[in-house]
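K.L.:
Residue numbers (the numbering used here), protein chains in the order written: chain R, 21 to 447; chain D, 21 to 447; chain X, 21 to 447; chain W, 21 to 447.
Quick reminder that beta carbons are idealized off the backbone N, C-alpha and C, glycines included.
Quick one: the structure is below, questions incoming.
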């Protein structure tokens, strides 16, 4: 399914006069406060966040899964879905593939298909947390950290293969998330497991092209419930440092212990030039994979405060940050959920752009705590949605993507095309 | 120190034209969305939140305290401070006293003083977590839950005395927060301790005038670090139910285990007509007592969503909710912190007032999850600060209380009056 | 597969002399400390904990599942597995069925089969967290709390049906665990959802035979990640109280927020005569469903401290506590995991039986905190394993069940019988 | 007060025959299992854990403090108290001083006093979390991380001074715990604060003698409640790595977010040769500073499992680990609490010594998870208290130190000597 641009124009035309009024107001306000609304609109326009191929179907838990049909049945349809999102919001111009779920049969055809939707291929993702049906050795007790060298080699080779797939599609980075860990005290020799992991990662690292990055993800628990081999940013940093300048840490917002100050982790990693990628989602309890900004929007804003600050000061050599959404839509339409997630990210980004940084640094130097809080809250409380809508409109995207998605009954159309029983690969 | 009304008028006049423009805009927007801005302004105008007498000085931790002078040295000066706050924002029209720190020498004089500032006396608070210098028996091992009947009686009598003080000042409720608990497994017989607490509370309850309420607070830990006698809302509810219709639960936002869904607790208690009072603050880790809305403003909004919904459906017989701020200002000026806290509360309240409740209920009935989220986020993302400023202006308070407080160098004045070494009673 | 008693005798004979020496030693020690070792052995002998039918296969997470074969393929084989456990430890004399996974085709045949292994039928469990293949209406958005009366009725009827199955097998209780809840703020009207749940439970309650109990389970999150309808003991208690004297709360050790003092919850519920059942497991982070005692054995002991204390003081009318294991074996052999779990439970029980309760109460009355700790730690640090082994030997079970299970290569035998690809129903 | 050795002999003689029986039994058991009881007794005998000077008085919280008299009034009496502990258990042969609370007037006299009790001087501790009465600049907004270079210099000079005091007493290490952080989002520029801290630490590091170590402690919150400059092991590791080979991380058991796998942190730090010191205590919620082993004894054992494993494999160049107790005794006699803490540490150490490491590694290599758990649990469940008592007896310490402390009414004696109102410096 491709979205006709005329439908977008019609949608935008209908909402235009109300939007103009709002835009004028907020532009005037920002102007008065010394900000340049045009510059902010431009930055929002340029902002792109990748969509993972596994987020296009209904997610589930160990207790069950309730798909509602119309899900993409193959890589082509996944690209179509992301194309649809990108047509609606012009901020989802990349897809992140998951191997082995998304192995193209014809790379050129797939590349052209993506190009036709204006999509790039973002980080490729390996999978060593599940056994494939044809797999002789099992990842039950780990992959890159396994005690058995043969299984480690299997996992290493898989990751190298993932890089090879990525090269053919124009990806520039590999994300490694390891489920490796242990469920019980005593099960694993922590130090040996970490050391084996480093060795395995080194083999993969050596296979990386020069202009690639490797992102090392961390997570404190699940699917292992006593320990994981890379539980926290410290361990990810340790590994990335030993691996070399192409290795970076990847922060997933749902992969932290309760009460972690994630914005500080982001700041520290940026300070060390070791923040490579970001998996956006939201959570209340654990790795809940909820819509971005649905639970803790202020935390999201504080994280963007660090990101914006860090990006301004980034090393020349730093790779650009790889942004990706990583949510699971158990009770929402996946495409609607993704539209909401992208919107929340752009809102937080915009809010971080209207922080008066000079004044903020001044109040910090003076330890004027109340005033520093006022400056952040002022930015957060300002209603910047018209700027984000304007950025879309200028990009020929929909002013209100979710509304248009519903007005056009897109999911119904997809269900007709793909069947009401279609289920996408994913979790 | 009394704030001259002319200073407020001048302040407001200066900011008037910019404010008018913002007010017009947001009023128009709300109008268009089917809300009545005048009604909302009125509700915000009417909203009052009590200031605890112990929040007027610099707070501290077990590691130290860094007061910065000008703190109230006695009850009269505490009333003056709250009077100052009330003059600035006209939303702090009540003070909540803590006995024995705030025992008046002359009740009539104190009453008149409060009246002269437009202040009422909110809930009175007892203190059985510290030993007073003249106290023979110790609360080291508890008070209302103590194994020793004499110590329980001391604590009961103290609470009765607190009620008596409150009666003389026109208070209508007693808040009981118990530090009782244990630091080590085995220390306390849980069931006996709870049973003794119930008996003690019954004695106090019997002393309550008919038109009074008793608020039973809960807290999971600190100053006891293994168990507390009333750790959670369930225990508070159990006790309140057994005590009778004058007993209610009190929710302090910082008194929950990590990740607790506090808004749901509020909803459940309101559904049972057992929510009596609220201690507002914010926290990231524990009972951090930070400025309201400083860490989790969306949670605050979700709580107000329940409060507004509950207040609309409150039983005729329900006592009005007792709102109080309970923060500790370790690194901010106490009065500035309180101004920020009141502002955050009113903002969350206003946001909850612009939730489209009919549509929300409709989406809930249809399990349209994405749309329900949109409705809440739309209210939260709307910039309602001009309405709150307008409510203040109409009440002859300052449009920007914090700004005026600073412009007038009020803390410097207080320091001159009271000395730079003055320290208020409190924690 | 049935375990020949001669194999057990041979096993026990081999280990006998070493065991006798240990038994003599610890019996002498206990005797000297004023305990009656024979009485303790008898209590351990009598102790039975039910095995859930869904714990006989390899468990998994949303990320995958790694079964290792030989799992029971039907209800008959599940009963066989529990029969095997019971033959090995004589403490697993009951099976808890899950409907619709375990609907018997022939009740009499199934009853006789269970009887032949010395097994009873414990609580029956309903399932409204998954859709069955033939189900027209979906539980995607809830069951007993659903907004749609038809779906609620479906779930009510299912629960009534579960009771009916249970009646035919001699069960005496129904366990209701609800996955109902919400993933996002706004999705659910908390108060209406709770009220609908109460109404639904009432319909089910009315269907309960007079000598049955209903257990209302609580859980803070998963599979819903923002709220659950029954998140905590307080809500379970509220519902059970309103339902009536046949309704009780059920505590699952993995269903609490971080740092919850579970032993205190147990104490409070026992004090209110509302503790009905227990799901044993262990956890570090969330509902990890790990082997009992694998992570926090001291907490388990403290819980048994309350249970033993409470059982001594139970009301005449109180139903006996329903004990059940509820673990998920992702990386262990399910039967081995269950043997370890039962052992850990009995060890904690035995330790709680050698607490000097008179002295403990005395130290508590005197607030001799250090001594109270000593008393508990003394019981916990005593090595009581010989008593547990002895209880087994006297019941003609194996002295070391895990060792015998391995020596006889039982899993290999089961794999031969059932195939290496057999997978049991469950999570 | 000095404990007469004859009192110890009498005490030991009285308990001797029962002890001998227990010792024989457990020695026989261990022998049979292939362990050498004599070797274990020797290791326990050699084990020493330092006592901090601030743990000799009653601790408190921000809500209050309930001292019970007889506390040491000066450094001499603190040394006496530790001397008493050491006489009782011969495992507390070092005192850790806190500056400025413990500045000696006469170094030689103090050194000789300590020597007379068999005590060494362990790590010296600086204090930049409180303002001293004569201090012109304030640590209210930080010390080594402060925005003001003058305040940083003050804190640097203080730390250098602490080193100088330590040199005169024979200490070999400095522990730096920083309270620096922020209470509110926006207050602090995370990256600048971390960078300033590194610079400050470098200045201090340069002042360290060659044979000294610097321990960098981390803590996630308190007394700052939004962020701390060194919140986790990752940050401590980052700093220590940049500082150089004399800088190490210090782990305090109460300084972690909920559910942290501390034993894994210990393993990782040992693997990097960057674990320098340990502060023992226990906690349920936060930095509760409870008696070691009182809440999570199995976690303590798992930590010792790593420590024992790590010490066996330590680099030749590694500094020996600095062990210290860091507890706060709010409701117990400080000396009794310390005796219990030392006992718990030695018990965990002994249990870790009877882990069958060869078998454990073998089961790990084979991913025999159930067996690995059995091996750890077997060690933990074995009652090794007689070995610990024997180690004491051979060192001329008391078989049951707590019992003797009580039998001799030592606290009463101290109260007589020092007064019932004496209060030690500390928290």
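#1: Would you decide whether residue 59/W is buried or exposed? Buried here means 16 or more other CB atoms lie within 10 Å of its CB.
#2: In three-state terms, what does DSSP make of residue 272/X?
#3: Out of 395/R, 267/R and 354/R, point me to the one whose CA is closest to residue 231/R's CA.
#4: Restricting to Cα atoms, I'd like to know which of 30/D, 22/D and 24/D is closest to residue 419/D.
#5: Taking all protein chains shown into account, decide if residue 91/D is buried (16 or more other Cβ within 10 angstroms of its Cβ) or exposed.
#6: What ranges does the beta strand (DSSP E) occupy inside the segment 222 to 281 of chain W, keeping only unbroken runs of at least 3 residues that lie completely in it?
#7: Can you tell me whether residue 448/D is helix, strand or coil according to DSSP?
#8: Does residue 295/W come out as helix, strand or coil in the three-state DSSP assignment?
#9: Along the chain, where does the alpha helix (DSSP H) containing residue 344/R start, and where does it finish?
#10: What does the alpha-carbon distance come out to for the pair residue 200/X and residue 247/X?
#11: Is there a Cβ from chain X that is less than 7 Å from the Cβ of residue 281/R?
#12: Taking contact to mean at least 3 C-beta pairs separated by less than 8 Å, is the segment 38 to 45 of chain W in contact with the segment 405 to 413 of chain W?
#13: Does the Cβ of residue 110/X have 16 or more other Cβ atoms within 10 Å, making it buried, or fewer, making it exposed?
#14: Using a beta-carbon distance below 7 Å, is residue 278/W in contact with chain R?
#15: Where does residue 137/D fall in DSSP's three states?
#16: Which residue marks the beginning of the beta strand (DSSP E) containing residue 195/W, and which one marks its end?
#17: Under the three-state reduction of DSSP, which class applies to residue 167/W: helix, strand or coil?
#18: Could you pull the DSSP bridge partners for residue 145/X from this structure?
#19: Checking 7 Å against the spacing of the C-beta atoms, do residue 102/R and residue 115/R come in under that value?
#20: Assign residue 440/R to buried or exposed, taking buried as 16 or more other Cβ atoms, counted over all protein chains shown, within 10 Å of its Cβ.
#21: Along chain R, in chain order, which residues have C-beta atoms closer than 7 Å to that of residue 308/X?
#22: I want to see whether chain D comes within less than 7 Å of residue 82/W, judged by CB atoms only; does it?
#23: Report all residues from its chain with a CB closer than 8 Å to the CB of residue 424/R; omit the five preceding and five following residues, and keep chain order.
#24: Can you tell me whether residue 224/R is buried or exposed, with buried defined as 16 or more other CB within 10 angstroms of its CB?
#25: How about the segment 271 to 287 of chain W and the segment 314 to 327 of chain W: do they share at least three Cβ pairs that are nearer than 8 Å?
#26: So the candidates are 212/R, 145/R, 209/R and 216/R; which of them puts its Cα closest to the Cα of residue 195/R?
#27: Identify the contact partners of residue 338/R in chain D, using a Cβ-Cβ distance below 8 Å as the criterion.
#28: Among 445/D, 399/D and 428/D, which residue has its Cα nearest to the Cα of residue 49/D?
#29: Measuring CB to CB, does residue 375/D end up less than 7 Å from residue 69/D?
#30: Among the candidates 98/W, 252/W and 386/W, whose CA atom is the shortest distance from the CA of residue 241/W?
#31: By the three-class DSSP mapping on this structure, what secondary structure does residue 310/X have?
#32: Under 7 Å between the Cβ atoms of residue 303/R and residue 310/R?
#33: Could you run through the segment 346 to 359 of chain R and flag, in chain order, every residue whose CB is less than 8 Å away from some CB of chain D?
#34: Going by Cα to Cα distance, which pick from 82/W, 89/W, 237/W and 34/W is closest to residue 431/W?
#35: In chain order, what residues of the same chain have a beta carbon less than 6 Å from the beta carbon of residue 353/R, not counting five sequence neighbours either side?
#36: Under DSSP, the alpha helix (DSSP H) around residue 109/D begins and ends at which residues?
P.N.:
Taking the structure as given:
#1: Exposure of residue 59/W is indicated by the presence of fewer than 16 other C-beta atoms within 10 angstroms of its C-beta.
#2: In the structure shown, residue 272/X sits in a strand (DSSP, three-state: E or B).
#3: Considering only alpha carbons, the answer is 267/R.
#4: With distances taken between Cα atoms, residue 419/D lies closest to 30/D.
#5: Looking at its Cβ environment, which holds 16 or more other Cβ atoms inside 10 Å, residue 91/D is buried.
#6: 233 to 237 and 267 to 272, all fully within the segment 222 to 281 of chain W.
#7: Nothing can be reported for residue 448/D: it is not among the residues displayed for chain D, which extend from 21 to 447.
#8: The three-state secondary structure of residue 295/W, taken from DSSP, is strand.
#9: For residue 344/R, there is no enclosing alpha helix (DSSP H); the enclosing beta strand (DSSP E) has its first and last residue at 342 to 345.
#10: For residue 200/X and residue 247/X, the distance between alpha carbons rounds to 9 Å.
#11: With 7 Å as the cut-off, residue 281/R does not count as an interface residue toward chain X.
#12: Under the 8 Å Cβ criterion, the segment 38 to 45 of chain W counts as touching the segment 405 to 413 of chain W, having at least three qualifying pairs.
#13: Burial call: buried.
#14: Yes, contact with chain R.
#15: Residue state, collapsed to three classes: coil.
#16: Annotation for residue 195/W: the continuous beta strand (DSSP E) segment containing it runs 193 to 196.
#17: The DSSP-derived three-state label of residue 167/W is coil.
#18: Partner(s): 118/X and 195/X.
#19: A distance below 7 Å separates the beta carbons of residue 102/R and residue 115/R.
#20: By the neighbour-count rule (16 or more Cβ atoms within 10 Å), residue 440/R is not buried but exposed.
#21: Chain R residues near residue 308/X: 245.
#22: Answer yes: the Cβ-Cβ gap between residue 82/W and chain D drops below 7 Å somewhere.
#23: Excluding sequence neighbours, residue 424/R sits near 27, 28, 31, 108 and 418.
#24: Burial is judged here by how many other beta carbons sit within 10 angstroms of a residue's own beta carbon; residue 224/R has at least 16 and is buried.
#25: Enough Cβ pairs lie closer than 8 Å, so yes.
#26: Nearest of 212/R, 145/R, 209/R and 216/R to residue 195/R, Cα basis: 145/R.
#27: Taking a Cβ-Cβ threshold of 8 Å, none of the residues of chain D is close to residue 338/R; the smallest such distance is about 30 Å.
#28: Looking at the Cα atoms, 399/D is the closest of the given residues.
#29: No, Cβ-Cβ distance for residue 375/D and residue 69/D is not below 7 Å.
#30: Of 98/W, 252/W and 386/W, the residue nearest in Cα terms is 252/W.
#31: Three-state DSSP puts residue 310/X in a strand.
#32: Yes, these two residues count as a Cβ contact at 7 Å.
#33: Taking a C-beta cut-off of 8 Å against chain D, the contacting residues of the segment 346 to 359 of chain R are 351, 352, 353, 356 and 357, listed in chain order.
#34: Among 82/W, 89/W, 237/W and 34/W, the Cα nearest to that of residue 431/W is on 89/W.
#35: These residues qualify, in order along the chain: 431.
#36: It spans 95 to 109 - the alpha helix (DSSP H) in which residue 109/D sits, taken as one unbroken run.
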